[in-house]
Amino acid sequence: MREGTFTGGNLFLLRPELVQQFLPRLREVLAARKAPLRLAAMIGPGILLRLLTRQLTVPELEAAVSRLLGAEVRGLVTPHASIGTDIDKESDLELAARALAQARKS
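The sequence shown stops at residue 105 when you use numbering that gives the first Met the number 0, and every number in between is there.
Okay, structure coming up:
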């Protein structure tokens, strides 16, 4: 992206009253997250081209995802890379447990 290199994370802060408004579309987007071409088709070729050429900005991506979901979306830019770490498999949980145990020893 124009502002730098970022990783995706799975952190959502939302107003509960908006859930029904965008949940069906969010489910479609999340189902496509492991299918890059399907996700690219959802977001649009212009956004994808700007991303690939490092011309896409964070506000432009926020606006595109907001249009896609039909709800206001904002990215959370943080220096903490751990936000991009998922713990959704047994092996991930074991790795996290080892890392925490090691940190406690230090």
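Glycine residues also receive a C-beta, built at the ideal position from the N, C-alpha and C atoms.
>> Going by DSSP, what residue range makes up the alpha helix (DSSP H) through residue 73?
In response: Going by DSSP, residue 73 is part of no alpha helix (DSSP H) at all; its letter is neither H nor E.
> How would you write the range of the alpha helix (DSSP H) that residue 45 sits in, first residue to last?
Replying inline: Residue 45 -> alpha helix (DSSP H) spans 44-51.
>> When you compare the CB positions of residue 74 and residue 93, do they come within less than 9 Å of one another, or not?
In response: No, Cβ-Cβ distance for residue 74 and residue 93 is not below 9 Å.
> First and last residue of the alpha helix (DSSP H) that includes residue 34?
Replying inline: For residue 34, no alpha helix (DSSP H) segment is defined, and its DSSP state is neither H nor E.
> Skipping 5 residues on each side, what residues in its chain have a beta carbon closer than 6 Å to that of residue 17?
Replying inline: Once the five neighbours on either side are set aside, the close Cβ partners of residue 17 are 70.
>> Cutting at 8 Å between CB atoms, please list the residues of its own chain near residue 56, excluding the five before and the five after it.
In response: Counting only Cβ-Cβ distances below 8 Å, and skipping sequence neighbours, we find 0, 1 and 2.
> What are the boundary residues of the alpha helix (DSSP H) that residue 1 is part of?
Replying inline: Per DSSP, residue 1 is not a residue of any alpha helix (DSSP H), being assigned neither H nor E.
> For residue 63, does the count of other Cβ atoms within 10 angstroms reach 16, so buried, or fall short, so exposed?
Replying inline: The residue is buried, with at least 16 neighbouring Cβ atoms inside 10 Å.
> For residue 6, which of 79, 14 and 45 has the nearest alpha-carbon?
Replying inline: When the alpha-carbon of residue 6 is set against those of 79, 14 and 45, the nearest one is in 79.
> Would you report the Cα separation of residue 100 and residue 46, rounded to the nearest angstrom?
Replying inline: Rounded to the nearest angstrom, the two C-alpha atoms are 42 Å apart.
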